[in-house]
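The numbers in the sequence shown follow our numbering, run straight up by one, and end at 871. Note that the Cβ used here is the ideal one computed from N, Cα and C, for glycine as well.
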Amino acid sequence: MLTTKTVSIVCRFCGGRGKDPFGIMSYISTCCVCGGRGIVTVQSPYIRCAHCSGTGAIKRLTCTACMGKGVQPSTAISPQVCSVCRGSGDDLSASAMYCLQCHGSGVVSVKIMNVE
């Protein structure tokens, strides 16, 4: 069984500055991921989001796989590279979308069955 807890990490979308990194609305706009705090709370243990490579952004948009946090909870007991996206976290037919098999993490949990 995997034990999880909530931890605070630096917001990957704004780099901890609390401001919109792209200045789309205004150069003083707050970050849409952390709400201007510069930190976000995530479930630990966590892994880097494969879909956005840990940046929290796809082009100039918030990564939909990790919701802009740059990390995803690691729930896999024995993680294996996702066979659908080959670990990239991307939908191979549309790279702006995340892989539906692994939800953009690049890994899947393999269930081990005992045969008797």
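Using a threshold of 7 Å, state whether the C-beta atoms of residue i and residue j are closer than that.
| i | j | result |
| --- | --- | --- |
| residue 805 | residue 844 | yes |
| residue 791 | residue 766 | no |
| residue 801 | residue 829 | yes |
| residue 798 | residue 759 | yes |
Using alpha carbons as the reference points, say which of the options lies closest to residue i.
| i | options | result |
| --- | --- | --- |
| residue 789 | 811, 807, 782 | 811 |
| residue 853 | 833, 808, 865, 830 | 808 |
| residue 865 | 835, 783, 815 | 835 |
| residue 815 | 841, 851, 847, 827 | 851 |
| residue 803 | 781, 768, 775 | 768 |
Only counting the same chain, and skipping five residues up and downstream in sequence, which positions put a Cβ closer than 7 Å to that of residue i?
| i | result |
| --- | --- |
| residue 837 | 854, 856, 857, 861, 862, 863 |
| residue 818 | 804, 806, 807, 811, 812 |
Quick check on residue i: buried or exposed, where buried means 16 or more other Cβ atoms within 10 Å of its Cβ?
| i | result |
| --- | --- |
| residue 762 | exposed |
| residue 783 | exposed |
| residue 849 | exposed |
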